[in-house]
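Student: What follows is a single structure, and I will ask about it in a moment.
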Amino acid sequence: MTAPLLNSLLADTRLPRLEVRMLLEHVLGKPRAWLLAHDTDPLDPAVAAAYEALLARRLAGEPMAYLLGHREFMGHRFRVTPDVLIPRPDTEVLVETALECVAGVAGPAVLDLGTGSGAIAISIALARRDARVMASDVSAAALAVAAGNAWDLTASVRFVEGSWYGAVPAGEGFDLIVSNPPYVASDDPHLDQGDLRFEPRGALTDGAGGLEDLGRIVAGAGRHLKPGGSLWLEHGWDQAQAVRGLLAEAGFEDVRSRQDLAGIERISGGRWRFAGR
């Protein structure tokens with residue numbers, strides 16, 4: 023069998039042009055400039071087979087991030103696997119807000135609950151090298167991915183395994199708690215559509231109406247926040263008012279929401295006013 027030429031695959035119309043190029047860059051381990059300079063080269067049959075295998079997975083709907091094994095977030099490359107959610111640009115507003123909250127705090131203590139790939143915790147740690155960042159997750163597989171990302175990016179993050187505050191050692195106090203917890207209602211049809219079909223279900227939905235884990239995090243935050251510390255949460259497009267209500271009821275001040283890139287209220291938070299419970 024004649025080996026296919028690179029340009030024949032670059033002209034593949036079964037996927038958008040950009041995705042074809044990204045898959046070929048991945049299987050060849052070469053940048054775009056190399057592809058353009060060698061577009062008439064014959065491809066090794068094993069490389070062509072690897073491309074076709076990835077193509078089939080992509081045509082079946084699998085996210086590009088899982089096929090390539092990484093995703094950019096806050097200017098850094100994070101390794102991702104099906105054990106973790108794919109970091110999304112809208113979550114960057116949570117990191118930006120977190121950094122604003124601790125801008126005037128020397129050596130801030132930060133807790134990221136349900137860290138997944140570690141994108142939030144690691145991005146904070148990289149932006150604030152003096153911070154003491156702890157990140158938890160109930161999934162050992164997710165923590166392995168996060169720890170690998172911290173190592174690759176030389177970020178100082180302490181990872182602990184357990185469910186929400188159950189993973190936090192007694193006596194730890196934080197200037198800031200952040201989380202992107204499961205907030206999709208269990209009966210939301212989007213869970214069986216698009217990229218969400220391939221992402222870990224337990225990281226997407228709380229198995230109920232979408233506010234269960236958000237409520238648990240808000241209710242427990244006061245026992246772990248220093249006076250004047252802040253809690254910020256990512257939530258669903260229609261949950262901002264409900265989350266603000268949870269925060270206010272729990273005793274938070276300066277409760278507010280911030281919009282994502284689409285102008286949707288995507289995160290909500292507030293400042294803890296008490297000395298503890």
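In case it helps, this note's numbering puts the sequence shown at residues 23 to 299. C-beta: ideal position from N, C-alpha, C; glycine also. Because the structure is a prediction, the values reported are computed rather than measured.
Just curious, the beta strand (DSSP E) that V182 is in, first and last residue?
Tutor: Taking the first residue of the sequence shown as position 1, residue 182 is located at position 160. Counting along the chain, the beta strand (DSSP E) containing V182 begins and ends at V179 to E183.
Student: So, under 8 Å CB-CB, A157 and G140 are touching, yes? Tell me the CB distance rounded to an integer number of Å.
Tutor: Here residue 157 is taken as the residue at index 135 of the sequence shown, counted from 1. Here residue 140 is taken as the residue at index 118 of the sequence shown, counted from 1. Going by Cβ atoms, the distance from A157 to G140 rounds to 6 Å, so yes, they are a contact pair.
Student: Leaving out five residues before and five after L233 in sequence, what residues of the same chain have Cβ atoms less than 7 Å from its Cβ?
Tutor: The residue you call residue 233 lines up with position 211 of the sequence shown. Correct list, in chain order: Q261 and A264.
Student: Tell me the rounded alpha-carbon separation between L255 and S30.
Tutor: Taking the first residue of the sequence shown as position 1, residue 255 is located at position 233. Taking the first residue of the sequence shown as position 1, residue 30 is located at position 8. Straight-line Cα distance between these residues: approximately 47 Å.
Student: Please report the distance separating the alpha-carbon of L76 from that of S145.
Tutor: In the sequence shown, residue 76 corresponds to position 54, counting from 1. In the sequence shown, residue 145 corresponds to position 123, counting from 1. Those two C-alpha atoms are separated by around 29 Å.
Student: Could you give the distance in angstroms between the alpha-carbon of D276 and the alpha-carbon of T113?
Tutor: In the sequence shown, the residue the question calls residue 276 occupies position 254. In the sequence shown, the residue the question calls residue 113 occupies position 91. Whole-angstrom Cα-Cα distance: 21 Å.
Student: The beta strand (DSSP E) spanning R101 covers which residue range?
Tutor: The residue you call residue 101 lines up with position 79 of the sequence shown. Counting along the chain, the beta strand (DSSP E) containing R101 begins and ends at H98 to R101.
Student: In terms of residues, what are the limits of the alpha helix (DSSP H) holding D235?
Tutor: Stepping through the sequence shown from its first residue, residue 235 is reached at position 213. That run of the alpha helix (DSSP H) goes E234 to A243.
Student: I need the boundaries of the beta strand (DSSP E) containing D301, first residue and last residue.
Tutor: Past the edges of the chain, shown from 23 to 299, lies residue 301, and the structure says nothing about it.
Student: Go through its chain and collect everything with a Cβ distance to H92's Cβ below 8 Å, but skip five positions before and after it.
Tutor: As a first step, residue 92 must be located in the sequence shown, where it is residue number 70. If we look at H92 and ignore the five residues flanking it on each side, its Cβ neighbours are R99, F100, R101 and V102.
Student: Specify whether the region 217 to 236 and the region 173 to 182 touch according to this definition: at least 3 beta carbon pairs, one from each stretch, less than 8 Å apart.
Tutor: No contact exists between the region 217 to 236 and the region 173 to 182.
Student: Look up W56 in the DSSP assignment and say whether it is helix, strand or coil.
Tutor: Within the sequence shown, residue 56 is the residue found at index 34, counting from 1. DSSP places W56 in helix when its eight states are reduced to three.
Student: In whole angstroms, give me the CA-to-CA distance for G291 and A87.
Tutor: The count along the sequence shown starts at 1 and reaches residue 291 at position 269. The count along the sequence shown starts at 1 and reaches residue 87 at position 65. One C-alpha to the other measures close to 29 Å.
Student: Provide the residue span of the beta strand (DSSP E) that contains Q281, from first to last.
Tutor: Taking the sequence shown and counting its residues from 1, one reaches residue 281 at position 259. Where Q281 is concerned, the enclosing beta strand (DSSP E) stretches over F274 to Q281.
Student: Going straight from the alpha carbon of N202 to that of A59, what length do you get?
Tutor: On the sequence shown, position 180 is the one that residue 202 refers to. On the sequence shown, position 37 is the one that residue 59 refers to. Their Cα atoms are separated by approximately 43 Å.
Student: Name, in chain order, the residues that DSSP records as bridge partners for V132.
Tutor: To locate residue 132, count along the sequence shown from 1; it is residue 110. Paired residues: V155 and L198.
Student: For T227, list the residues DSSP reports as bridge partners.
Tutor: For the purposes of this step, residue 227 is taken as residue 205 along the sequence shown, with counting starting at 1. DSSP lists V206 as partners of T227.
Student: Pick helix, strand or coil for G267, following the three-state DSSP scheme.
Tutor: Working through the sequence shown from its first residue, we reach residue 267 at position 245. DSSP places G267 in helix when its eight states are reduced to three.
Student: For P104, name the three-state secondary structure that DSSP assigns.
Tutor: Here the question's residue 104 lines up with position 82 in the sequence shown. Coil.
Student: Give the DSSP bridge partners of S252, in chain order.
Tutor: Translated into the one-based positions of the sequence shown, residue 252 becomes position 230. Paired residue(s): L198 and R293.
Student: As a quick exercise: from M96, P53 and L28, pick the residue whose alpha carbon is nearest that of A71.
Tutor: The residue you call residue 71 lines up with position 49 of the sequence shown. The shortest C-alpha separation from A71 is found at L28.
Student: Mind reading off the beta-carbon distance from A131 to D210? Whole number of angstroms is fine, and I expect it under 8 Å.
Tutor: As a first step, residue 131 must be located in the sequence shown, where it is residue number 109. As a first step, residue 210 must be located in the sequence shown, where it is residue number 188. With a Cβ gap of about 35 Å, A131 and D210 do not count as contacting.
Student: Determine the direct distance from the alpha carbon of V115 to that of T35, and round the result to whole angstroms.
Tutor: Locating residue 35 in the sequence shown gives position 13, counting from the first residue. Locating residue 115 in the sequence shown gives position 93, counting from the first residue. Answer to the nearest angstrom: the Cα atoms are 35 Å apart.
Student: Locate the alpha helix (DSSP H) running through R43, then write down its first and last residues.
Tutor: Start at 1 with the first residue of the sequence shown, and residue 43 comes out as number 21. Note, R43: alpha helix (DSSP H), R39 to L50.
Student: Quick one, are the C-beta atoms of Y205 and G258 less than 7 Å apart?
Tutor: The sequence position of residue 205 within the sequence shown is 183, counting from 1. The sequence position of residue 258 within the sequence shown is 236, counting from 1. Yes.
Student: Ends of the alpha helix (DSSP H) at E94?
Tutor: Here residue 94 is taken as the residue at index 72 of the sequence shown, counted from 1. Per DSSP, E94 belongs to no alpha helix (DSSP H); it is in the beta strand (DSSP E), H92 to F95.
Student: Terminal residues of the continuous alpha helix (DSSP H) containing A143?
Tutor: To locate residue 143, count along the sequence shown from 1; it is residue 121. A141 to A149 is the span of the alpha helix (DSSP H), which, as asked, contains A143.
Student: Would P85 pass as a contact of F220 if the rule is Cβ separation under 7 Å?
Tutor: In the sequence shown, residue 85 corresponds to position 63, counting from 1. In the sequence shown, residue 220 corresponds to position 198, counting from 1. In contact: P85 and F220 (Cβ atoms closer than 7 Å).
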